[in-house]
Every structure is written in C-alpha cells, then in structure tokens.
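Chemist: The structure's right below; bear with me while I get my questions together.
Protein chains: 4
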Amino acid sequence: MAARPTKKPAAPGRTASRSVGRGGADLRRRLLDAARRQLVQHGYVHLTMRRVAARVGVTATAIYLHFKDKDDLIHALIDEGMEALQLALEASDERAAPPRARLEGLCRAMIEFGVSNPEYYEIMFLLHPQRMSRYPTDKYRRARHNLERFADAVDPFVKKGDPLMATHALWCLLHGIISLRLAGRLDSSLDPDEFTDEAVTRGLRMLGA
Amino acid sequence: MAARPTKKPAAPGRTASRSVGRGGADLRRRLLDAARRQLVQHGYVHLTMRRVAARVGVTATAIYLHFKDKDDLIHALIDEGMEALQLALEASDERAAPPRARLEGLCRAMIEFGVSNPEYYEIMFLLHPQRMSRYPTDKYRRARHNLERFADAVDPFVKKGDPLMATHALWCLLHGIISLRLAGRLDSSLDPDEFTDEAVTRGLRMLGA
Amino acid sequence: MAARPTKKPAAPGRTASRSVGRGGADLRRRLLDAARRQLVQHGYVHLTMRRVAARVGVTATAIYLHFKDKDDLIHALIDEGMEALQLALEASDERAAPPRARLEGLCRAMIEFGVSNPEYYEIMFLLHPQRMSRYPTDKYRRARHNLERFADAVDPFVKKGDPLMATHALWCLLHGIISLRLAGRLDSSLDPDEFTDEAVTRGLRMLGA
Amino acid sequence: MAARPTKKPAAPGRTASRSVGRGGADLRRRLLDAARRQLVQHGYVHLTMRRVAARVGVTATAIYLHFKDKDDLIHALIDEGMEALQLALEASDERAAPPRARLEGLCRAMIEFGVSNPEYYEIMFLLHPQRMSRYPTDKYRRARHNLERFADAVDPFVKKGDPLMATHALWCLLHGIISLRLAGRLDSSLDPDEFTDEAVTRGLRMLGA
DNA sequence: CATGAATGAGCTTTCATTCAT
DNA sequence: CATGAATGAAAGCTCATTCAT
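Protein chains in written order, with our numbering: chain A, 1 to 209; chain B, 210 to 418; chain C, 419 to 627; chain D, 628 to 836.
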C-alpha cells in the first residue's frame, strides 16, 4: 500500500496514506523513521533490529515482513537519503539566478543538508560500501545525478582545465566541511556558521569565481 | 614507521625474531599491526579481539597481557597514527622553501599519508569520538600540533581574514579528498594522482596563493 | 508449592506438557527449578546461565527471554523462597493451640522448611546481600513478616526482657540448626531428627517456657 | 606464632626466618594474609589468585611455588582459622572458674572470634565442604577439638539427657548468632552487643543453668 | 625463588534471524 | 500482518593454571 513503493517510481514519502489509525498501516515508514533516529543517536553499529522495532512498538520479527534483513533496511535508508538530498538541492537550485549566486546557494544547501541530516549523511557518504553487504551500485546513480547538478553550476566558472575535476574538488571541500563538523572535529573556537560562510566563499574562489 | 617503542627500544617492525609461539616478545607490535589491518578491512565494530588474536596466531586472552581492553588497543593505534602523521609532515616540511612550495609540499604529504595509511586515517579522523569510549582528549593535542603546522604554512597567504579559518578550510578540503578517496566515492573516471595535483593547486588558490 | 504463578495460573510443577523443544511455555518454571537445583549443588557463583539452560534443554539465550539477567533470575528465586516459607509457616501456625504447642509447631515447621528446601534456604539466608547485586530491600519485608509471626508466638513466654530480643535469639538457634545441618557440619553421630526434637525443646526452655 | 609449617611438624616455612628484608622470605605468610583480607572484602568467589598476588606485590605464578592450587591456599587458610579459634578459646578458657562463668566466657569468646574474624569464620563454617575440592576430613578434627572443649564446659549443667546434644544445641545457637550477624541479617534495631549478652544468657538457660 | 608470556575454558550478554502459530 | 519462543554465533573479558627461563 503506497507508503514508499518497494522500489521505484512515483510517490515520495507516503502518497495516499490513509490508514494511520493506530497499529498496522504504514509500519514500513515508521520503521524507517525509527531506524534513522537510532542511526544518528547511537551510530550504525548500535542500530539494532530489536531497538528499532521496540521504538515503533512492534516485535523485531515484524521488521522482516517489510525488509529482507538489516542490510535491506539500511539500503532503504540510503535510498531515502539520496532522494532527500536530491529534493533539497532541487529546491534550492535557482537556475535563473546569476551563476555565482546559484553555485553559492547549492553549496549552502548541501552543507545545510549534511549538517541537519547527519543520519542520512552518515550512511550515504561515510559508510564504507565494502563494509555493508553490497549496496547495489546502480543505487549510486542518484548520487551521480546530484554531482551533475553541481557540475552544471560549476561549469561557468571553469575557463581552463577539466570542469569535472573542478566540481570534484568543490565536492571534496563540501564533504570535508560536513564530515568534520559531524564528527565534532572542527576546532571548537570556530563559529560553525561563520566558518561555513567563509569556507563557501573560499570554495568559490577555488573555482576562480 | 613511527613504531611506538614500548619495550624494545631498537628495531621497529619486528626485529629478527620471526617467532610465533612463545617468546615472541614483540607480540604487542604484531597485535597492533593486525588490529590496524582489521580496522580498515572491517571497521571499528568488527575489529574483534578474537580475530586480531587469531590473525597473529595467539589466543584472545594474550591480547589482554598487552592492552587493558579493546579501547586501550584502539587508543594505542590512534597514538601511533598521530605520531606517524606528525613524523610524515615533519619530514616533508621544508621550512626554508618558498611559502608556496612549502604549503604545497605539506598538502601533498598529508594526502599521501591519508591515502597510504587508511587504517590510521580512519581511526584518527573518521571515528566519532562519542562512539568510542572516551579517548583521552589530551591525546588530541598532537592532532592540534599538526594543524598548527599547517596554520604556520598558510599564514603568509592570508592577507585579510582569519588565518585560522583559512587553515581550517584547507584542512577540510584535504580531509574531503582523502576520505572520499578512501571510501571509493570518487568518480572512477578520475585519475587519482592527476586529481590530487589539481585539487592541491585549487586548494592553494583558495587561499589566494 | 508456592509456585509463583506468572503466566499459567493453574498447575504449579510442570502441568502435563512434558514438551522440551519449542512450545514449552512453562520454560520459566523449569528454568527456576533447574536454577534452584544448581544453586544447592554448586553454589551461587557456579550457578551459570549456560548450565541452567543446558539442564533444561534450551540455549542460554532462551533464559533472557524470561529473565533480564542472572540477578533477575536469582531474585525470582528468592521471591519464590520467601513466599514458600511464608506459606509453610502459615500452614502450620495453629493460632488456636496452646502457646507452647503453637511455638513448637512453628519451630519445627521452620526447621523442616530449611532442611527440605536447601536451595531456597541458602539464597534466602546464607547469601550475603552485599555480594549479590542489590536485592531490592523491600523484598525483605516478607522476611520480616515471618519473623513477626515468630515474635507473636514468642510473646506469651517473655515475662521480662525485650520480646524482640528473645525472638531473635530463638531465630538464631533455628538458623544455626538449619545451616549447620545443611552444611553437613553436625556431628555425624547425632540422629538428625532426635537432635531437632531436643534442640527445639531447649529452644523453648531458652525462652522460659 | 611460627608461621604455619607447610604441613606437619618441623621446619616452619622458612626455618630460620632471617631474611624478611624486603622481597622474598615469608612470602607464604604474606600471601595467606592477603588472601584472608581479600576473602572478607570480596568474598570467596572474588578471591582470585591474581589479586592476591598483586596485593602482595608478586606475580600470580609465584603463588604456585607455595600452594598447589587455589584450593590448597584456601585449605591453608582454614587450617589457620582452626588454629586461631583453638587459640582464642584456649586463651579465654578459665578452667578454674565456676562452671557458669567458664561456659559464659567460652561462648563470648566464640562469638567474639566469629564476629572479628569474618574471613576465617566464613571459610571455616560457611563454606560448603562439598563445594571445595575435598577438604581432607581429618583437618576437621581440630574443629572437633574445639567442640569438645565446649562439651567439657557444658557437662556440669546437663543433669539429664545427652550432653553431646546439649553442646550441639548451644553450638547451633552460637553459630546462628555469628552467621546472622556476619550476613547483616540481624534486625538493625538491635544493638549487637546487647543482643549478644542476652543471647548468651538465654543460651545458658537453655542448658538449665 | 620468581617472572613473563601464554593458554583454554568459561562466563554473561547481545544480536540477527527463523519458525510455528 | 504480526507475535512469542527460540536459536546459534559471536563478542568482550576473567580466571586458574602452566611452561620456559
């Protein structure tokens, strides 16, 4: 029933979502939400099936009605994350704006996403793919899509040299900012927001803007 | 290198004694090496005492002769890593060189270190401190020391603005480059070395060099 | 008896269901019984979850479905014991009988209980409370209740002096008798029953009866 | 006090016992002392070889030079305890005193011993013999000797009935008093010393005194 | 007389997962 | 659609004990 179609297309979130009455219904949704919360609170390792289930108010067994196994659950989470990021970037991508403003907006949106969705960011970019039983690589395509949006915005600035490389460099900077902030590894004397401002400015300069 | 001599002052690696059974007094070294390897292969959680011991050819109990507990083992690893990085940076820090060359050298050394010591890099910068039982914060001082070296090299380039922030921005870029490479999340069409070159160049430009 | 119905209200022991594998819902009961037996055989420390489980024919893990942890299991045992003793004393407390007969009956019942329920007696009175992770003190209230029954029966005999002290003295005698018998520390040339008779008689005389 | 000869008569531990300088010498003595202290602090179970050794400042291995195994150590402790009790009773046994005073003195000495040597008392009378690998029963002979002293003192009071039984009854009372006190199971509203007085008085009355 | 290094058995506990209902 | 009962594997750790030195 709707609630996040098992795999592909249309509806984001929950579509019709009529029955939320109390028990049954979109359990899948609630499981994912609980899992996401656990993820950020206790980290990947301590995301246990039992706890997720308990938080939602069902038995651990119930999870297996909706997900093949723990990895499947994580994969679904990654999917969601990818989609969420895509939406976030799309929403703040002002194609009509002047190139510099557009790119700056995208950068800020990216950082904003990472910082305010640490759970997603973690599984999307921090989890070593080798360490979770094979996340189907085609799923990463959506990730590439996001990168392409950046490439598109970066393009106007790159006169000489490979635009792809330039994009990647920017991407690295953004990733560095986000992940160090998430890990609490940024000097505590730095004001996070102020630093973000400066880092983005420098990021643009890096591209020659 | 880096070794971290605790008992045997002399030879780092494993001396001559190739012994495995009793008598292998350099067991500590071998345990650390095995643990480091496990860490990068399976991650923090799945670095198990049993596996580490087995890989070295001893019982799990034997580990406890050299390390108080799992955390102690990890901490020792971090210590080693910190020292190794410090040495690596020190070795390639040509203070006498022109500012630009010096900074570029440091950046390259940093990336080189991260890429060729994934085990160390991971525990040093990717592990959430909250998630491993408190690593004595004073140990992080060495980390700050490394950052300060960068700050020192960055200084000449920053005419206006906070040099600390500039340094951190560069640090973020470097961290992004390393961690994405380690996670295999960099576009496969990119030549790693070439990209490193370009990224470093852009990094310098970011600072106004 | 005493049973401690938690799930199945009816039959104590093990009902009809002799089942061992799945389905044996009275596993809790069987675990408690096994634990009790282990306790008297090997003592508190060597009462291991593994052994208890094995004796019953399940995995150690299964215990944790019924008891939070080892202490929880022990506590449940104490509870049962307290209840059993209370019932035993109540059953043989003939309030209507002449004071001497009543008190004598209680003494005999107490000894009888201790001697024929060594497992219970041990955890109830021989275990140092400091040495088992805090048994909720309110649970000891039932113990006091038993003592009060004795105090009530002792009262008529104590003309002068503190009845509480007299009761405790009697209690000490009874405890001494039971625990030395349980530990096999009573001279083997003594006939246990005969000795009990005499000791009780002397106990009453101790009170002035 | 001779240091407790290893087994039988002649040479006590170290013979001349000259060197107590610092390290070596009467290690055996110090081990026993440490063990006894551990016993009372952490209980029988947590009396570990390692801890005992550490407390004394030697390796666990060193213990095995002086004791066959853990049981042997405990046995030695029991021996000491028996001897200590014997000495304590002997010291306070005023054979010349009037019967009542003599017996009362013995009772008090016994209680005093138990209460102030909980470590000894525990292993001597509270440890189930079945649970420690066979303590040579002949060692218990010394225990019997102590009992006989009581029997001797009790004798004058027993006009009718078996004096042995009477003695045992008294013994039970004393044991009850001591063990309940040690276990902290005596009503906290009772003043220990006062109670001891009363209990002893009643104990004598129990014998007809 | 004593150590340092190591073992092997065992402990409690937790986890993902399954199966019958 | 969901549960309750159970499993098997594994984890971190501790203990008594031994052996070579």
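We treat Cβ as the ideally placed atom computed from N, Cα and C, and that holds for glycine.
Since this is a predicted model, take the numbers as computed values, not measurements.
Given that residue 374 of chain C touches chain D, what residues does it touch there, using C-beta distances under 7 Å?
Modeler: Since the first residue shown for chain C is 419 and the last is 627, residue 374 of chain C is missing from the structure and cannot be characterised.
Chemist: Is the region 823 to 835 of chain D close to the region 790 to 807 of chain D, with three or more CB pairs under 8 Å?
Modeler: yes
Chemist: Can a CB atom of chain A be found closer than 8 Å to the CB of residue 385 of chain B?
Modeler: As a first step, residue 385 of chain B must be located in the second sequence, where it is residue number 176. So, interface residue.
Chemist: When the Cα atoms are used, what is the spatial distance from residue 618 of chain C to residue 61 of chain A?
Modeler: Along the third sequence, one-based indexing puts residue 618 of chain C at 200. Along the first sequence, one-based indexing puts residue 61 of chain A at 61. Straight-line Cα distance between these residues: approximately 59 Å.
Chemist: Does DSSP put residue 163 of chain A in a helix, a strand or coil?
Modeler: Here residue 163 of chain A refers to the residue found at position 163 when the first sequence is read from its first residue. Assignment of residue 163 of chain A by DSSP, reduced to helix, strand and coil, places it in the helix class.
Chemist: When we look at the beta-carbon of residue 325 of chain B and count the other beta-carbons within 10 Å, is it buried (16 or more) or exposed?
Modeler: Numbered from its first residue, the second sequence carries residue 325 of chain B at position 116. With fewer than 16 other Cβ atoms within 10 Å, it is exposed.
Chemist: Beta-carbon within less than 6 Å of residue 39 of chain A's beta-carbon, same chain only, minus the 5 sequence neighbours each way: which residues are those?
Modeler: One-based indexing of the first sequence puts residue 39 of chain A at position 39. Cβ within range, chain order: 47, 119.
Chemist: With distances taken between CB atoms, is the gap from residue 294 of chain B to residue 362 of chain B smaller than 8 Å?
Modeler: Numbered from its first residue, the second sequence carries residue 294 of chain B at position 85. Numbered from its first residue, the second sequence carries residue 362 of chain B at position 153. In this structure, residue 362 of chain B does not lie closer than 8 Å to residue 294 of chain B by Cβ.
Chemist: For a contact meaning CB atoms closer than 9 Å, what does residue 825 of chain D contact in chain C?
Modeler: Taking the first residue of the fourth sequence as 1, we reach residue 825 of chain D at position 198. Going along chain C in sequence order, the residues near residue 825 of chain D (Cβ under 9 Å) are 579, 580, 583, 584, 586, 587.
Chemist: When you check each C-beta in the region 451 to 470 of chain C against every C-beta of chain D, which residues fall closer than 7 Å?
Modeler: 460, 461, 463
Chemist: Going by Cα to Cα distance, which pick from A:161, A:145, A:110, A:158 is closest to residue 175 of chain A?
Modeler: Within the first sequence, the letter at position 175 stands for residue 175 of chain A. Ranking the options by Cα distance to residue 175 of chain A, first place goes to A:110.
Chemist: Distance, Cα to Cα, residue 543 of chain C vs residue 610 of chain C?
Modeler: Taking the third sequence and counting its residues from 1, the one referred to as residue 543 of chain C is at position 125. Taking the third sequence and counting its residues from 1, the one referred to as residue 610 of chain C is at position 192. Roughly 21 Å between the two C-alpha positions.
Chemist: So, using beta-carbon positions, are residue 106 of chain A and residue 87 of chain A closer together than 8 Å?
Modeler: On the first sequence, residue 106 of chain A is found 106 positions in, with the first residue counted as 1. On the first sequence, residue 87 of chain A is found 87 positions in, with the first residue counted as 1. The answer is no: Cβ separation not under 8 Å.
Chemist: At the 8 Å Cβ level, is residue 829 of chain D part of the contact set with chain C, yes or no?
Modeler: What you label residue 829 of chain D is simply residue 202 of the fourth sequence in a count that begins at 1. Closer than 8 Å: yes.
Chemist: Check whether chain B comes within 8 Å of residue 128 of chain A, counting only Cβ atoms and requiring the distance to be less than that.
Modeler: Counted from its first residue, the first sequence places residue 128 of chain A at position 128. Closer than 8 Å: yes.
Chemist: Using alpha carbons as the reference points, say which of A:28, A:81, A:58, A:122 lies closest to residue 211 of chain A.
Modeler: Here chain A comprises residues numbered 1 to 209, so residue 211 of chain A is not present and cannot be evaluated.
Chemist: Against chain B, with Cβ distances strictly below 8 Å, would residue 206 of chain A count as a contact?
Modeler: For the purposes of this step, residue 206 of chain A is identified with residue 206 of the first sequence, where counting begins at 1. Chain B contact via Cβ: present.
Chemist: Identify which residue in D:789, D:811, D:782, D:821 has its Cα closest to the Cα of residue 607 of chain C.
Modeler: To locate residue 607 of chain C, count along the third sequence from 1; it is residue 189. Restricting attention to D:789, D:811, D:782, D:821, the CA atom closest to the CA of residue 607 of chain C is found in D:789.
Chemist: Taking only beta-carbon positions, decide if residue 392 of chain B is within less than 8 Å of chain A.
Modeler: The sequence position of residue 392 of chain B within the second sequence is 183, counting from 1. Residue 392 of chain B counts as touching chain A.
Chemist: Near residue 785 of chain D, which residues of its chain fall below 8 Å by C-beta distance, leaving aside the five closest residues on each side in sequence?
Modeler: Position 158 of the fourth sequence, counted from the first residue, corresponds to residue 785 of chain D. Taken in chain order, the residues that qualify are 793, 834, 835.
Chemist: Should residue 704 of chain D be labelled buried (16 or more other beta-carbon atoms within 10 Å of its own) or exposed?
Modeler: Stepping through the fourth sequence from its first residue, residue 704 of chain D is reached at position 77. With 16 or more other Cβ atoms within 10 Å, it is buried.
Chemist: Can you find the residues in the same chain that come closer than 8 Å, C-beta to C-beta, to residue 657 of chain D, ignoring five residues on each side of it along the sequence?
Modeler: Taking the fourth sequence and counting its residues from 1, the one referred to as residue 657 of chain D is at position 30. 683, listed in sequence order.
Chemist: Cβ closer than 7 Å: which chain A residues qualify as neighbours of residue 325 of chain B?
Modeler: Locating residue 325 of chain B in the second sequence gives position 116, counting from the first residue. What residue 325 of chain B touches in chain A: nothing, since even the nearest Cβ is about 17 Å away.
Chemist: Check the Cβ-Cβ distances between residue 125 of chain A and every residue of chain B, and say whether any is below 8 Å.
Modeler: The sequence position of residue 125 of chain A within the first sequence is 125, counting from 1. By this cut-off, residue 125 of chain A is an interface position.
Chemist: For residue 599 of chain C, which residues of its own chain have a beta-carbon under 7 Å away from its beta-carbon, when the five flanking residues on both sides are left out?
Modeler: As a first step, residue 599 of chain C must be located in the third sequence, where it is residue number 181. Result list for residue 599 of chain C: 533, 610, in chain order.
Chemist: If you measure from the beta carbon of residue 510 of chain C to each beta carbon in chain D, is any gap under 8 Å?
Modeler: As a position in the third sequence, residue 510 of chain C is number 92, starting the count at 1. For residue 510 of chain C, the answer is no, since every Cβ of chain D falls outside 8 Å of its Cβ.
Chemist: So, are the CB atoms of residue 164 of chain A and residue 382 of chain B less than 8 Å apart?
Modeler: Mapped onto the first sequence, residue 164 of chain A falls at position 164. Mapped onto the second sequence, residue 382 of chain B falls at position 173. No; because the gap between Cβ atoms is not below 8 Å, this pair is not in contact.
Chemist: Of all the options A:186, A:35, A:197, which has the alpha carbon lying nearest to the alpha carbon of residue 67 of chain A?
Modeler: Residue 67 of chain A sits at position 67 when you count from the first residue of the first sequence. Comparing Cα positions, the closest option is A:35.
Chemist: Buried or exposed for residue 97 of chain A, please, with buried defined as at least 16 other CB atoms from any protein chain shown within 10 angstroms of its CB.
Modeler: Taking the first sequence and counting its residues from 1, the one referred to as residue 97 of chain A is at position 97. Counting Cβ neighbours within 10 Å, residue 97 of chain A comes out exposed, since fewer than 16 surround it.
Chemist: Output the distance between the C-alpha atoms of residue 194 of chain A and residue 148 of chain A, rounded to the nearest integer angstrom.
Modeler: If you number the first sequence from 1, residue 194 of chain A lands on position 194. If you number the first sequence from 1, residue 148 of chain A lands on position 148. Spanning the two alpha carbons is a distance of roughly 28 Å.
Chemist: Please report the residue range of the alpha helix (DSSP H) in which residue 330 of chain B lies.
Modeler: Along the second sequence, read from residue 1 onward, the residue named residue 330 of chain B stands at position 121. Start and end: 327 to 330.
Chemist: Return helix, strand or coil for residue 279 of chain B, following the three-state DSSP convention.
Modeler: In the second sequence, the residue the question calls residue 279 of chain B occupies position 70. In this structure, residue 279 of chain B counts as helix in the three-state DSSP scheme.
Chemist: Give the interface partners of residue 799 of chain D over in chain C, defined as CB-CB distance under 7 Å, in chain order.
Modeler: Counted from its first residue, the fourth sequence places residue 799 of chain D at position 172. Proximity of chain C to residue 799 of chain D at the Cβ level (cut-off 7 Å) is accounted for by 591, 594, 595, 598, 617, in chain order.
Chemist: Do you know how far the Cα of residue 455 of chain C is from the Cα of residue 806 of chain D?
Modeler: The count along the fourth sequence starts at 1 and reaches residue 806 of chain D at position 179. The count along the third sequence starts at 1 and reaches residue 455 of chain C at position 37. In a straight line, the C-alpha of residue 806 of chain D is about 23 Å away from that of residue 455 of chain C.
Chemist: Among the residues of its own chain, which have a CB less than 7 Å from the CB of residue 697 of chain D, if the five just before and after it don't count?
Modeler: As a first step, residue 697 of chain D is located in the fourth sequence; it is residue number 70 there, counting from the start. Once the five neighbours on either side are set aside, the close Cβ partners of residue 697 of chain D are 676.
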